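Quick note, this note's numbering runs 1404 ahead of the 1-based positions in the first sequence. Backbone N, C-alpha and C fix where the C-beta goes; we use that ideal spot for every residue, glycine too. Given the structure is predicted, the values throughout are model-derived calculations rather than measurements.
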Amino acid sequence: MTDSNHHYHPNKIEPRWQQRWEQDGLYHADVDPSRPKHYALTMLPYPSGDLHIGHWYAMTPSDARARFMRMQGYNVLFPMGFDAFGLPAENAAIKNNIHPKDWTYRNIDRMRGQLRSMGTMIDWRREIISADPEYYHWTQWFFIQLYKHGLAYRKKSPVDWCPNCNTTLAREQVWGEDRHCERCGTPVIKRNLDQWFFKTTQYAEELLNYEGMDWPERVRVLQTNWIGRSEGASVLFQTEDEDIIEVFTTRPDTLWGATFMVLAPEHPLVEKLTSPEQKAEVEAYIAQAQRQSDIQREAADREKTGVFTGGYAINPVNGQRIPVWIADYVLMTYGTGAIMAVPAHDERDFAFAVKYGLPIIPVIARPDGISKSLVFPGSYEAGLDEKLQAAGIEHYSAPVGESGEGLFVTLRDEQVDEYVSLVRQSLKPGYWCEIVGSRWLFIFPDGVRELDSVQADREILARCKELSPAVSQFRTTMEMVNSLPFYRDVLFHPEYGTMIHSGEFSGTPGSEAKKRVTGYLESRGQGKLAVNYRLRDWLISRQRYWGAPIPIIYCEKCGVVAVPEDQLPVLLPDDVEWKPTGESPLKLHPTWKHTTCPNCGGQAERETDTMDTFMDSSWYHLRYLSPHYDKGPVDPKEYNYWMPVDTYTGGIEHATMHLIYTRFFHKALRDIGVTKGDEPMIQLRNQGMVLGEDSEKMSKSRGNVIAPDELVKAYGADTVRAYLMFFARWDLGAPWSNSGIDGTSRWLRRLWTTVVEPGEPAAEPDPEAVRVLRRKVHQALRSVTNDFRDFQFNTIISTLMELLNEMGRLRDKVNGSPAWEEALDIYLRMLAPVAPHITEELWSRLGKPYSIHNQPWPEVDEEAAADEEITLVVQVNGKVRDRIQVPVDISEDAAKEKALASETVQKILSGRPPRKVIYVPGRLVNIVG
RNA sequence: GCCGGAGUGGCGGAAUUGGCAGACGCGCACGACUCAAAAUCGUGUCCCGUGAGGGGUGUGGGUUCGAUUCCCACCUUCGGCACCA
1405 MTDSNHHYHP NKIEPRWQQR WEQDGLYHAD VDPSRPKHYA LTMLPYPSGD
1455 LHIGHWYAMT PSDARARFMR MQGYNVLFPM GFDAFGLPAE NAAIKNNIHP
1505 KDWTYRNIDR MRGQLRSMGT MIDWRREIIS ADPEYYHWTQ WFFIQLYKHG
1555 LAYRKKSPVD WCPNCNTTLA REQVWGEDRH CERCGTPVIK RNLDQWFFKT
1605 TQYAEELLNY EGMDWPERVR VLQTNWIGRS EGASVLFQTE DEDIIEVFTT
1655 RPDTLWGATF MVLAPEHPLV EKLTSPEQKA EVEAYIAQAQ RQSDIQREAA
1705 DREKTGVFTG GYAINPVNGQ RIPVWIADYV LMTYGTGAIM AVPAHDERDF
1755 AFAVKYGLPI IPVIARPDGI SKSLVFPGSY EAGLDEKLQA AGIEHYSAPV
1805 GESGEGLFVT LRDEQVDEYV SLVRQSLKPG YWCEIVGSRW LFIFPDGVRE
1855 LDSVQADREI LARCKELSPA VSQFRTTMEM VNSLPFYRDV LFHPEYGTMI
1905 HSGEFSGTPG SEAKKRVTGY LESRGQGKLA VNYRLRDWLI SRQRYWGAPI
1955 PIIYCEKCGV VAVPEDQLPV LLPDDVEWKP TGESPLKLHP TWKHTTCPNC
2005 GGQAERETDT MDTFMDSSWY HLRYLSPHYD KGPVDPKEYN YWMPVDTYTG
2055 GIEHATMHLI YTRFFHKALR DIGVTKGDEP MIQLRNQGMV LGEDSEKMSK
2105 SRGNVIAPDE LVKAYGADTV RAYLMFFARW DLGAPWSNSG IDGTSRWLRR
2155 LWTTVVEPGE PAAEPDPEAV RVLRRKVHQA LRSVTNDFRD FQFNTIISTL
2205 MELLNEMGRL RDKVNGSPAW EEALDIYLRM LAPVAPHITE ELWSRLGKPY
2255 SIHNQPWPEV DEEAAADEEI TLVVQVNGKV RDRIQVPVDI SEDAAKEKAL
2305 ASETVQKILS GRPPRKVIYV PGRLVNIVG
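Following this line, the structure appears as structure tokens:
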């Protein structure tokens, strides 16, 4: 045996085995109805140039698990491809004057080699590249199917535009408070453009259903929030011209408090509603609002602005004539672009109403039943203080401005009547006193008035102004009381509660209010139950070259015409100039866009925009199944066998993008008749992120990037794979540690020596050591099996490390025995999915048949794994005081007896009898003294 | 503001169902081998205390014989959403 053959040289053995596996087609997965299938899919990479450690972190545990499933007897498909269209290629083209195609395919070649160095079980025959005409032919075909079934439409609308990327973005690609581009960070602007959309909203409700899916709670929550379902009512208001304004509200129970309406500036009725007097102001506001959204959008907490249109609508439940305003806090893109404003129970409406002096009428009682009242200095006879005291009403005296001491009163509902009568007795002529919060009463010398309508609001305010010139500047009663800080926390609330000031509905409890009012509206034809979603339709047009052209032709005579299926693919021309003009480079090509109409043969033009690359990745899992099939996107024979994807792994960052799109795609195509079942991916698992050693996100500019190629060179792929599985919980990720990997490397080298240096066989294997060894081996096997099933990769490695340590301790006593041989055999098989090369090498050195990767997963010998003895923990009052070895099947009485007999226990109890003894089988005895 | 995740030694992390906290690895210390170093192997390593013993899983409470685990309140931190009617 030569020296170099004796030592562990991963860089010699790894490429050798990789070649052998490739040559033998070891990992080819073919349809085989006689075996259970397992489709293990991991998100395909974008060919950015180099495979980075994040790719390894995502892919190697996924590969290990796919290998585990394979050894478990499944026919496992583990394919790989490249998400090859997209902006970076085009940007590289502009910058370095290299064709995006050349750049992309060169990167793919490089990355394919790097992927192979990982030692994965990828079946390379099934590789796809989304930029191949053979692939995008079918991307275009899918577009046409969606178009034909009414799920794709073209619409002129204000869309998000990234001025740096020179293209439109889907809503999901716009991030953060400043609404910046997901890719380059530039704040987006709005442009009004004709763009293609897919009707994702049509599937909003179904997308909320995760029945039968094993997806992380986290992703489901993210998607559910993104889809943003809210239940309420659509209510029809009429303008004075009898035009209908439909609004969506989640609070139909507050309808009696709707004292004005607000339309989005872009709302179609604005023009008609605007009175001649208001026209100038309204137009100026609209222009300002448009400019606002063109510049950077301001933060959400900026002050609300708006203008009165001069028009009025009628509140359908109480016939009140209410003013219609426009304001940019109402968005044309959500609901109907119009709201009923209920300032007493909506924070934004409250702020708006106070600012513009619009009436605020409370219509929902405060659930806490708290009211406040401030009795002004000089307005009451002496002695009120004592009377309140006697009545048990909470109050205190404090100066109000410079006018002397006033009484600050806080009331519970049941105290209000008594309080009113006490105040009436003490109130001096020429003054009033108000109660606000849960109740809304204005006590005047000659009577009490309730703030229960717009009419009352006006009358109360007029009375107050008569009595005190100090309130003359206020436009509403609420504005007046809002000027006193003492009242501020009780003036407005958004909670559900008993309806008040709502005609015959007053007194309806909060739990029923919504349903009853909705039913009432429905019966009168003024509204109905409605559900609204935050989800928008998917904008797929991109004004860029490097993507799949949208297969649409515009004909002067026939209008919008889909490219006939037999004329697909619509090929990208190669001779294109990339100038960052904001127009698709295809538009600037001299000839490409000119074509003839497939209908009438007349002159026509092609659509020059290309598709969002998320379109490519919405169906790639289907193309893997038959990458060269030319009669459709997927060979039905393959589809029926492999689909759905059993396990999908990838990053969480796609929760509201790719993972919603691909679900939508699958469902839409199911309805068209292409796919089957409701969901494309049954089980989803997300890995976390590997951070730099400095705990920061890896980036070239920070200089903290870990290059896997160098690690492979230094340690070998097996060590890198194992370390990535070991160093953190897979779903959380962690900062990289350059010294941590040494531990994993040592462990594999220790394993190597353990196998290649057979040592002296033990003369007579020690039967006790044999029993212990077999127990440890089979216990480890049980634990590793469970951990593979549960994606608990880090504990797989630690269990295997522990077992190797144990084997090292026992070796002298069992070396050469069948139990030792069994231990090595099982050990290598357990490790094979994690470290495919070293296990294959050692397997062959042990003289076992090629290949270890075709071996079945070992079976746990339950008898061998069973403990004979256990350590019984003896606690006194919950504190561990002793540990005793007992047979595993010890009876409860015997266990208790043994525990009580313990010297330490006796010492602590010092003769006192225990009050209680608790026995947990197989674990502990707790003595309560 | 709303929604969700995470807080355990110097570090990454482990702990079926409420039952021995700190497995495994890194780092560190000491020792063996060596002229020496690297590599390798061995021993130790939560904190306080010489010791018996005591304390300890972000903080404060609670339930329980017993809580890292369950309940309540809060703090820190990461991620998502955010004028959504």
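Compare the beta carbon distance of leucine 2276 and arginine 2285 with 8 Å and say whether it is the shorter of the two.
-> For the pair leucine 2276 and arginine 2285, the CB atoms are not nearer than the 8 Å cut-off.
Could you check what DSSP says for serine 1915 in three-state terms: helix, strand or coil?
-> Helix.
Using only alpha-carbon positions, find the residue among Leu1555, Arg1587 and Arg1583 that is nearest to tyrosine 1607.
-> Selected option, being the one with the closest Cα: Leu1555.
Grouping DSSP H, G and I as helix and E and B as strand, with all else coil, what is glycine 1805?
-> Correct three-state label for glycine 1805: coil.
Reduced DSSP category for phenylalanine 2197 - H, G, I as helix; E, B as strand; rest coil | Helix.
Can you give me the start and stop residues for the alpha helix (DSSP H) that valine 1827 sits inside?
-> The continuous alpha helix (DSSP H) containing valine 1827 extends over residues 1820–1830.
Sort Val2049, Trp1950, Ser1857 and Val1974 by Cα distance to glycine 1723 and report the nearest one.
-> Glycine 1723 has its Cα closest to that of Ser1857, out of Val2049, Trp1950, Ser1857 and Val1974.
Would glutamine 1700 be called buried (16 or more neighbouring beta carbons within 10 Å of its own) or exposed?
-> With a pLDDT of only 44 at glutamine 1700, under 50, the local geometry of the prediction cannot be trusted, and no value is derived from it.
Segments of 4+ residues assigned as alpha helix (DSSP H) that fall wholly inside the stretch 2102–2136 | Fully enclosed alpha helix (DSSP H) runs of 4 or longer: 2112–2119 and 2121–2130.
Mind checking which residues open and close the beta strand (DSSP E) that includes proline 1356?
-> One cannot answer for residue 1356 here, as it falls past the ends of the chain, which runs 1405 to 2333.
Below 8 Å between beta carbons: does that hold for alanine 1462 and threonine 1446?
-> It is a contact, given that the beta carbons lie within the stated cut-off.
Expressed to the nearest angstrom, what Euclidean distance is found between the alpha-carbon atoms of threonine 1740 and serine 1561?
-> Approximately 15 Å, taken between the alpha carbons.
How big is the Cα-Cα spacing for lysine 2283 and glutamate 2263?
-> Whole-angstrom Cα-Cα distance: 39 Å.
Keeping to the same chain, check which residues put their C-beta closer than 6 Å to that of phenylalanine 1754; ignore five residues upstream and five downstream.
-> Pro1747 and Phe1896, listed in sequence order.
Assign isoleucine 1764 to one of three DSSP states: helix, strand, or coil.
-> Correct three-state label for isoleucine 1764: coil.
Arginine 1948 versus Lys1983, Pro1437 and Pro1955, residue with shortest Cα-Cα distance = Answer by Cα proximity: Lys1983.
Would you call isoleucine 2322 buried or exposed, if buried means 16 or more other Cβ atoms sit within 10 Å of its Cβ?
-> When all chains shown are included, isoleucine 2322 counts as exposed.
Between the beta-carbon of phenylalanine 1664 and the beta-carbon of tryptophan 1729, is there less than 8 Å?
-> The answer is yes: Cβ separation under 8 Å.
Hey, how far is the Cα of arginine 1474 from the Cα of threonine 2053?
-> Approximately 17 Å, taken between the alpha carbons.
Near phenylalanine 2069, which residues of its chain fall below 7 Å by C-beta distance, leaving aside the five closest residues on each side in sequence?
-> The residues are Ser2022 and Trp2023.
Answer yes or no: do isoleucine 2201 and methionine 2129 have a C-beta to C-beta separation smaller than 8 Å?
-> In this structure, isoleucine 2201 lies near methionine 2129, with their beta-carbon atoms less than 8 Å apart.
Serine 2030 in three-state terms, based on DSSP | Secondary structure of serine 2030 (DSSP, three-state): coil.
Between the C-alpha atoms of isoleucine 1512 and threonine 1654, what's the straight-line distance to the nearest angstrom?
-> Looking at the two C-alpha atoms, the distance is approximately 51 Å.
In chain order, what residues of the same chain lie with their CB nearer than 7 Å to the CB of alanine 1637, ignoring the 5 residues before and after it?
-> Cβ within range, chain order: Thr1653, Pro1656, Thr1922, Leu1925, Gly1931, Lys1932, Leu1933 and Ala1934.
Give me the Cβ distance between serine 1801 and aspartate 1789, rounded to the nearest whole Å; I'm assuming they're in contact under 8 Å.
-> So it is a contact: roughly 7 Å between Cβ atoms.
Quick one: grab the DSSP three-state call for arginine 1439.
-> Correct three-state label for arginine 1439: coil.
Out of Arg1816, Asp1487 and Phe1780, which has the shortest C-alpha to C-alpha gap to glycine 1796?
-> The shortest CA-to-CA distance from glycine 1796 to any of Arg1816, Asp1487 and Phe1780 is the one to Arg1816.
Residues in its own chain within less than 7 Å of alanine 1703 by CB, not counting five upstream and five downstream?
-> Low per-residue confidence applies at alanine 1703: pLDDT is 48, beneath 50, and the placement is therefore not dependable, though the value from the model is reported in the following sentence. Here the set comprises Glu1581.
From this set, Trp2134, Gln1642 and Trp1600, which residue's C-alpha is nearest leucine 2095's C-alpha?
-> That would be Trp2134, whose Cα lies nearest to the Cα of leucine 2095.
Quick one: measure Cβ to Cβ for valine 2218 and leucine 2177, integer angstroms, because I've assumed they're closer than 8 Å.
-> Taking a contact as a CB-CB distance under 8 Å, the pair valine 2218 and leucine 2177 counts as one, their CB atoms being some 5 Å apart.
Through-space distance from proline 1763 to aspartate 1861, alpha-carbon basis | If you take the alpha carbons of aspartate 1861 and proline 1763, they lie about 7 Å apart.
From Tyr2254, Val1767, Ile2274 and Ser2295, pick the residue whose C-alpha is nearest to that of arginine 2327; which is it?
-> It is Ile2274.
Kindly indicate which residue of Arg1843, Pro1849, Gly1841 and Val1840 has the alpha-carbon position closest to the one of valine 1827.
-> Minimum Cα distance to valine 1827 is reached at Pro1849.
Threonine 2338 - DSSP class collapsed to helix/strand/coil | The structure shown does not extend to residue 2338, since the chain is modelled only from 1405 to 2333, so the question has no answer here.
Hey, which unbroken runs of the alpha helix (DSSP H) at 4 residues or more fall wholly within the stretch 1616–1655?
-> Scanning the stretch 1616–1655 from its first residue to its last, the whole alpha helix (DSSP H) runs of 4-plus residues come out as 1621–1631.
Mind listing, in chain order, the continuous beta strand (DSSP E) runs of no fewer than 3 residues lying wholly within the stretch 1511–1589?
-> Here the runs fully enclosed are 1556–1566 and 1571–1573.
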